[in-house]
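Each residue of the sequence shown is one higher than the one before, counting from 0 in numbering that gives the first Met the number 0.
Ideal Cβ positions, reconstructed from N, Cα and C, are used throughout, including at glycine.
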Amino acid sequence: MQHPYIILTMRRTGGTSLMSFMSAISSFPTRQHEPLNVDRVWGQITRDFTATQDQAAARAALAEQLADRPNIKHCFEIIPAHLNRILIEECAARGYRFFVLTRRNEASRLRSLFLALATQAWGPEQAARIYPEIRAGRQKAQAVSVEQGRKAVHQAAISLGQVLTVLRNRRIDHDWLVFEEIYKGETSIQDHAIRIAAQLGVQVGPDDGRLQAFASGEGQNSGAIEGFVPGMPDLMNMLEDLVLA
0 MQHPYIILTM RRTGGTSLMS FMSAISSFPT RQHEPLNVDR VWGQITRDFT
50 ATQDQAAARA ALAEQLADRP NIKHCFEIIP AHLNRILIEE CAARGYRFFV
100 LTRRNEASRL RSLFLALATQ AWGPEQAARI YPEIRAGRQK AQAVSVEQGR
150 KAVHQAAISL GQVLTVLRNR RIDHDWLVFE EIYKGETSIQ DHAIRIAAQL
200 GVQVGPDDGR LQAFASGEGQ NSGAIEGFVP GMPDLMNMLE DLVLA
(Lines of atoms letter the chains of each structure in order from A and count residues from 1; the text may use other names and numbers.)
(Lines give C-alpha, C1' and ligand atoms only; values in the text may rest on other atoms or scores of the structure.)
Protein backbone atom coordinates (compact mmCIF):
# COMPACT_ATOMS: atom_id res chain seq x y z
CA MET A 1 0.00 0.00 0.00
CA GLN A 2 1.30 3.44 -0.93
CA HIS A 3 1.46 6.36 1.49
CA PRO A 4 1.59 10.13 1.07
CA TYR A 5 4.55 11.91 2.63
CA ILE A 6 5.48 15.10 4.41
CA ILE A 7 9.04 16.46 4.47
CA LEU A 8 9.66 18.62 7.54
CA THR A 9 12.62 20.86 6.80
CA MET A 10 13.98 24.41 6.81
CA ARG A 11 14.64 26.88 4.02
CA ARG A 12 17.75 26.29 1.88
CA THR A 13 18.31 22.78 3.20
CA GLY A 14 18.37 21.39 -0.33
CA GLY A 15 15.32 19.15 -0.50
CA THR A 16 14.02 20.21 -3.92
CA SER A 17 15.46 17.31 -5.93
CA LEU A 18 14.46 14.88 -3.17
CA MET A 19 10.84 16.02 -3.38
CA SER A 20 10.93 15.95 -7.19
CA PHE A 21 11.88 12.28 -7.04
CA MET A 22 9.34 11.45 -4.34
CA SER A 23 6.60 13.25 -6.25
CA ALA A 24 7.53 11.39 -9.43
CA ILE A 25 7.07 7.99 -7.81
CA SER A 26 4.02 8.83 -5.67
CA SER A 27 0.43 8.14 -6.66
CA PHE A 28 -0.71 11.02 -4.45
CA PRO A 29 -0.99 14.64 -5.66
CA THR A 30 1.78 17.10 -4.85
CA ARG A 31 1.00 20.66 -3.81
CA GLN A 32 3.11 23.76 -4.23
CA HIS A 33 6.27 23.51 -2.15
CA GLU A 34 5.86 24.96 1.34
CA PRO A 35 2.10 25.50 0.93
CA LEU A 36 1.62 27.10 4.38
CA ASN A 37 4.04 29.95 3.68
CA VAL A 38 2.04 33.17 3.86
CA ASP A 39 2.42 33.83 0.12
CA ARG A 40 1.63 30.28 -1.01
CA VAL A 41 -1.47 28.26 -1.81
CA TRP A 42 -2.47 27.57 1.84
CA GLY A 43 -1.10 30.86 3.11
CA GLN A 44 -4.51 32.10 4.21
CA ILE A 45 -4.55 29.41 6.91
CA THR A 46 -1.29 30.77 8.31
CA ARG A 47 -2.40 34.38 8.07
CA ASP A 48 -5.70 33.62 9.81
CA PHE A 49 -4.01 31.62 12.57
CA THR A 50 -1.42 34.33 13.17
CA ALA A 51 -4.21 36.87 13.55
CA THR A 52 -6.64 34.82 15.66
CA GLN A 53 -4.67 31.96 17.27
CA ASP A 54 -7.81 29.86 16.66
CA GLN A 55 -6.49 26.30 16.70
CA ALA A 56 -9.86 24.68 16.00
CA ALA A 57 -10.35 26.80 12.88
CA ALA A 58 -6.82 26.04 11.70
CA ARG A 59 -7.36 22.32 12.21
CA ALA A 60 -10.62 22.41 10.24
CA ALA A 61 -9.00 24.37 7.40
CA LEU A 62 -6.06 21.97 7.24
CA ALA A 63 -8.37 18.95 7.32
CA GLU A 64 -10.12 20.32 4.24
CA GLN A 65 -6.84 20.77 2.36
CA LEU A 66 -5.60 17.32 3.38
CA ALA A 67 -8.74 15.52 2.21
CA ASP A 68 -7.00 14.02 -0.84
CA ARG A 69 -3.77 13.46 1.13
CA PRO A 70 -1.38 15.58 -0.94
CA ASN A 71 2.38 15.24 -0.60
CA ILE A 72 3.90 18.15 1.31
CA LYS A 73 7.28 19.83 1.74
CA HIS A 74 6.99 22.06 4.80
CA CYS A 75 9.52 24.60 6.12
CA PHE A 76 8.63 24.75 9.78
CA GLU A 77 10.93 27.50 11.07
CA ILE A 78 8.80 30.29 9.55
CA ILE A 79 5.42 28.88 10.64
CA PRO A 80 3.84 29.29 14.12
CA ALA A 81 4.70 26.39 16.41
CA HIS A 82 1.12 25.37 17.15
CA LEU A 83 0.27 25.37 13.44
CA ASN A 84 3.24 23.05 12.86
CA ARG A 85 1.89 20.78 15.59
CA ILE A 86 -1.61 20.71 14.12
CA LEU A 87 -0.23 19.92 10.65
CA ILE A 88 1.83 17.04 12.06
CA GLU A 89 -1.14 15.64 13.96
CA GLU A 90 -3.48 15.86 10.98
CA CYS A 91 -0.96 14.23 8.65
CA ALA A 92 -0.31 11.44 11.16
CA ALA A 93 -4.05 10.77 11.39
CA ARG A 94 -4.12 10.27 7.61
CA GLY A 95 -1.29 7.77 7.36
CA TYR A 96 1.47 10.04 6.10
CA ARG A 97 5.08 8.95 6.11
CA PHE A 98 7.24 11.52 7.89
CA PHE A 99 10.72 12.68 6.88
CA VAL A 100 12.80 15.26 8.74
CA LEU A 101 15.42 16.79 6.45
CA THR A 102 18.30 18.85 7.88
CA ARG A 103 21.85 19.81 7.01
CA ARG A 104 24.87 18.73 8.99
CA ASN A 105 26.54 22.03 8.11
CA GLU A 106 23.94 24.44 9.48
CA ALA A 107 26.27 27.41 8.93
CA SER A 108 26.28 26.59 5.21
CA ARG A 109 22.48 26.46 5.13
CA LEU A 110 22.22 29.84 6.82
CA ARG A 111 24.85 31.31 4.51
CA SER A 112 22.74 30.20 1.55
CA LEU A 113 19.61 31.60 3.18
CA PHE A 114 21.09 35.03 3.85
CA LEU A 115 22.57 35.26 0.36
CA ALA A 116 19.13 34.50 -1.06
CA LEU A 117 17.48 37.06 1.21
CA ALA A 118 20.09 39.70 0.33
CA THR A 119 19.91 39.15 -3.43
CA GLN A 120 16.35 37.78 -3.84
CA ALA A 121 17.82 35.01 -6.00
CA TRP A 122 16.11 31.85 -4.73
CA GLY A 123 16.95 29.55 -7.61
CA PRO A 124 19.36 29.10 -10.54
CA GLU A 125 17.18 31.02 -13.01
CA GLN A 126 16.91 34.03 -10.72
CA ALA A 127 20.62 33.85 -9.93
CA ALA A 128 21.49 33.85 -13.63
CA ARG A 129 19.49 37.05 -14.04
CA ILE A 130 20.29 38.88 -10.78
CA TYR A 131 23.94 38.05 -10.05
CA PRO A 132 25.33 39.76 -13.21
CA GLU A 133 23.35 42.89 -12.34
CA ILE A 134 24.84 42.98 -8.84
CA ARG A 135 28.38 42.32 -10.05
CA ALA A 136 28.03 45.09 -12.63
CA GLY A 137 26.83 47.55 -9.99
CA ARG A 138 23.42 48.05 -11.58
CA GLN A 139 21.71 46.39 -8.62
CA LYS A 140 22.71 46.28 -4.97
CA ALA A 141 22.40 43.41 -2.53
CA GLN A 142 20.86 44.18 0.83
CA ALA A 143 23.18 44.20 3.81
CA VAL A 144 23.10 41.37 6.35
CA SER A 145 23.99 41.62 10.02
CA VAL A 146 25.40 39.49 12.80
CA GLU A 147 22.26 40.10 14.85
CA GLN A 148 20.05 38.77 12.04
CA GLY A 149 22.21 35.68 11.86
CA ARG A 150 22.13 35.11 15.60
CA LYS A 151 18.32 35.33 15.63
CA ALA A 152 18.11 32.87 12.73
CA VAL A 153 20.35 30.36 14.52
CA HIS A 154 18.24 30.49 17.66
CA GLN A 155 14.92 30.34 15.79
CA ALA A 156 16.01 27.33 13.74
CA ALA A 157 17.19 25.45 16.82
CA ILE A 158 14.00 26.19 18.74
CA SER A 159 11.75 25.24 15.82
CA LEU A 160 13.59 21.98 15.14
CA GLY A 161 13.43 21.07 18.81
CA GLN A 162 9.70 21.76 18.92
CA VAL A 163 9.02 19.64 15.83
CA LEU A 164 11.07 16.72 17.15
CA THR A 165 9.30 17.00 20.50
CA VAL A 166 5.89 16.75 18.82
CA LEU A 167 6.99 13.72 16.79
CA ARG A 168 8.44 12.02 19.86
CA ASN A 169 5.60 12.77 22.26
CA ARG A 170 3.01 11.52 19.77
CA ARG A 171 5.13 8.48 18.92
CA ILE A 172 5.16 9.32 15.23
CA ASP A 173 7.75 7.29 13.35
CA HIS A 174 9.97 9.44 11.15
CA ASP A 175 13.08 9.10 9.07
CA TRP A 176 15.71 11.77 9.79
CA LEU A 177 17.55 12.53 6.55
CA VAL A 178 20.75 14.60 6.47
CA PHE A 179 21.55 16.39 3.22
CA GLU A 180 25.29 15.72 3.30
CA GLU A 181 24.76 12.01 4.00
CA ILE A 182 22.43 11.68 1.01
CA TYR A 183 24.42 13.64 -1.55
CA LYS A 184 28.00 13.33 -0.27
CA GLY A 185 28.02 10.21 1.90
CA GLU A 186 29.35 6.72 1.34
CA THR A 187 25.95 5.31 0.39
CA SER A 188 24.97 6.07 -3.20
CA ILE A 189 22.15 8.47 -3.99
CA GLN A 190 20.39 5.62 -5.79
CA ASP A 191 20.45 3.42 -2.69
CA HIS A 192 19.02 6.25 -0.59
CA ALA A 193 16.29 6.79 -3.17
CA ILE A 194 15.34 3.12 -3.30
CA ARG A 195 15.11 2.96 0.50
CA ILE A 196 12.97 6.11 0.70
CA ALA A 197 10.68 4.79 -2.04
CA ALA A 198 10.16 1.57 -0.09
CA GLN A 199 8.92 3.60 2.90
CA LEU A 200 6.27 5.09 0.63
CA GLY A 201 5.22 1.63 -0.51
CA VAL A 202 6.82 2.03 -3.94
CA GLN A 203 9.27 -0.42 -5.48
CA VAL A 204 12.02 1.29 -7.47
CA GLY A 205 14.78 -0.61 -9.24
CA PRO A 206 18.35 0.62 -9.81
CA ASP A 207 17.61 1.26 -13.51
CA ASP A 208 14.40 3.22 -12.92
CA GLY A 209 14.51 6.44 -14.93
CA ARG A 210 12.79 8.34 -12.13
CA LEU A 211 15.99 8.14 -10.10
CA GLN A 212 17.38 10.91 -12.31
CA ALA A 213 15.07 13.39 -10.58
CA PHE A 214 16.89 12.68 -7.32
CA ALA A 215 20.40 13.04 -8.69
CA SER A 216 19.80 16.07 -10.88
CA GLY A 217 19.81 19.70 -9.86
CA GLU A 218 21.70 22.85 -10.78
CA GLY A 219 23.40 24.93 -8.13
CA GLN A 220 23.34 28.70 -7.96
CA ASN A 221 27.09 29.25 -7.52
CA SER A 222 26.21 31.62 -4.69
CA GLY A 223 29.88 31.89 -3.72
CA ALA A 224 30.36 34.09 -6.77
CA ILE A 225 28.17 36.79 -5.24
CA GLU A 226 29.10 36.53 -1.56
CA GLY A 227 31.70 39.30 -1.78
CA PHE A 228 29.05 41.73 -3.01
CA VAL A 229 26.80 41.33 0.05
CA PRO A 230 27.62 43.87 2.79
CA GLY A 231 28.12 42.25 6.18
CA MET A 232 28.66 38.67 4.96
CA PRO A 233 32.22 38.22 6.35
CA ASP A 234 31.15 39.20 9.88
CA LEU A 235 28.01 37.09 9.60
CA MET A 236 29.96 34.00 8.52
CA ASN A 237 32.51 34.45 11.32
CA MET A 238 29.65 34.49 13.82
CA LEU A 239 27.93 31.45 12.27
CA GLU A 240 31.10 29.38 12.21
CA ASP A 241 31.67 30.19 15.87
CA LEU A 242 28.09 29.76 17.11
CA VAL A 243 26.71 26.86 15.07
CA LEU A 244 27.55 23.31 16.12
CA ALA A 245 28.18 20.74 13.39
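Exercise. Where do the ends of the beta strand (DSSP E) carrying residue 101 lie?
Worked result: Working through the sequence shown from its first residue, we reach residue 101 at position 102. Looking at the DSSP string, the run of the beta strand (DSSP E) that includes residue 101 is 96 to 101.
For this session: Have a look at the DSSP bridge pairing and note the partners of residue 73.
Result: Taking the first residue of the sequence shown as 1, we reach residue 73 at position 74. DSSP links residue 73 through a beta bridge to 7.
Exercise. What's the gap between the Cα of residue 206 and the Cα of residue 124?
Worked result: Against the sequence shown, residue 206 aligns to sequence position 207. Against the sequence shown, residue 124 aligns to sequence position 125. Distance from the CA of residue 206 to the CA of residue 124, rounded to the nearest whole angstrom, comes to 30 Å.
Exercise. Are residue 148 and residue 86 touching if we call contact CB-CB under 7 Å?
Worked result: In the sequence shown, counting from the first residue as 1, residue 148 sits at position 149. In the sequence shown, counting from the first residue as 1, residue 86 sits at position 87. No; because the gap between Cβ atoms is not below 7 Å, this pair is not in contact.
Problem set entry | Complete beta strand (DSSP E) runs within the stretch 103 to 188 (minimum length 3 residues, chain order) | With a minimum length of 3 residues, the continuous beta strand (DSSP E) runs that stay inside the stretch 103 to 188 are 173 to 177.
For this session: Using the DSSP secondary-structure output, state which residues sit across from residue 29 in a beta bridge.
Result: Taking the first residue of the sequence shown as position 1, residue 29 is located at position 30. DSSP lists 70 as partners of residue 29.
Problem set entry | Three-state secondary structure (DSSP) of residue 15 | Within the sequence shown, numbered from 1, the residue matching residue 15 stands at position 16. In the structure shown, residue 15 sits in a helix (DSSP, three-state: H, G or I).
Problem set entry | Coil, strand or helix - residue 220 by DSSP | The residue given as residue 220 occupies position 221 in the sequence shown. Three-state DSSP puts residue 220 in coil, outside helix and strand.
Problem set entry | Integer-rounded CB distance, given that residue 165 should sit under 8 Å from residue 84 | In the sequence shown, residue 84 corresponds to position 85, counting from 1. In the sequence shown, residue 165 corresponds to position 166, counting from 1. Indeed they touch by this definition, with Cβ atoms about 5 Å apart.
For this session: May I ask you to verify whether the stretch 44 to 63 touches the stretch 116 to 135, counting CB pairs closer than 8 Å and requiring at least 3?
Result: Result no; under three Cβ-Cβ pairs closer than 8 Å.
Exercise. Considering only C-alpha positions, which residue in the set 36, 0 and 71 is nearest to residue 28?
Worked result: The sequence position of residue 28 within the sequence shown is 29, counting from 1. Here the closest residue by C-alpha is 71.
For this session: Determine, using beta-carbon pairs with one atom in the stretch 47 to 66 and one in the stretch 97 to 116, whether at least three such pairs fall under 8 Å.
Result: Segments in contact, no.
Exercise. Would you report the Cα separation of residue 33 and residue 74, rounded to the nearest angstrom?
Worked result: Position 34 of the sequence shown, counting from 1, holds the residue named residue 33. Position 75 of the sequence shown, counting from 1, holds the residue named residue 74. Each residue's alpha carbon lies about 6 Å from the other.
Exercise. Anyone know if the C-beta pair for residue 213 and residue 188 falls short of 7 Å?
Worked result: Within the sequence shown, the letter at position 214 stands for residue 213. Within the sequence shown, the letter at position 189 stands for residue 188. Yes, these two residues count as a Cβ contact at 7 Å.
Exercise. Do you know how far the Cα of residue 241 is from the Cα of residue 116?
Worked result: Against the sequence shown, residue 116 aligns to sequence position 117. Against the sequence shown, residue 241 aligns to sequence position 242. Taking the straight line from one Cα to the other gives about 20 Å.
For this session: Starting from the Cα of residue 181, find the closest Cα among 155, 17, 5 and 50 and give me that residue.
Result: Position 182 of the sequence shown holds residue 181. Minimum Cα distance to residue 181 is reached at 17.
Exercise. Which of the three DSSP states, helix, strand or coil, is assigned to residue 202?
Worked result: Against the sequence shown, residue 202 aligns to sequence position 203. Here residue 202 sits in coil by DSSP.
Exercise. Under the three-state reduction of DSSP, which class applies to residue 191: helix, strand or coil?
Worked result: As a working mapping, residue 191 is identified with position 192 in the sequence shown. Here DSSP, grouped into helix, strand and coil, assigns residue 191 to helix.
Exercise. Do you know whose CA, among 190, 224 and 162, lies nearest residue 136's CA?
Worked result: Counted from its first residue, the sequence shown places residue 136 at position 137. Here the closest residue by C-alpha is 224.
Exercise. Should residue 219 go down as buried or exposed, given a rule of 16 or more other Cβ atoms within 10 Å for buried?
Worked result: The count along the sequence shown starts at 1 and reaches residue 219 at position 220. In this structure residue 219 is buried. Its beta-carbon is surrounded by 16 or more other beta-carbon atoms within 10 angstroms.
For this session: Below 8 Å on the Cβ atoms is my guess for residue 98 versus residue 174; work out the distance and round it to an integer in Å.
Result: In the sequence shown, the residue the question calls residue 98 occupies position 99. In the sequence shown, the residue the question calls residue 174 occupies position 175. Correct: roughly 5 Å between the Cβ atoms.
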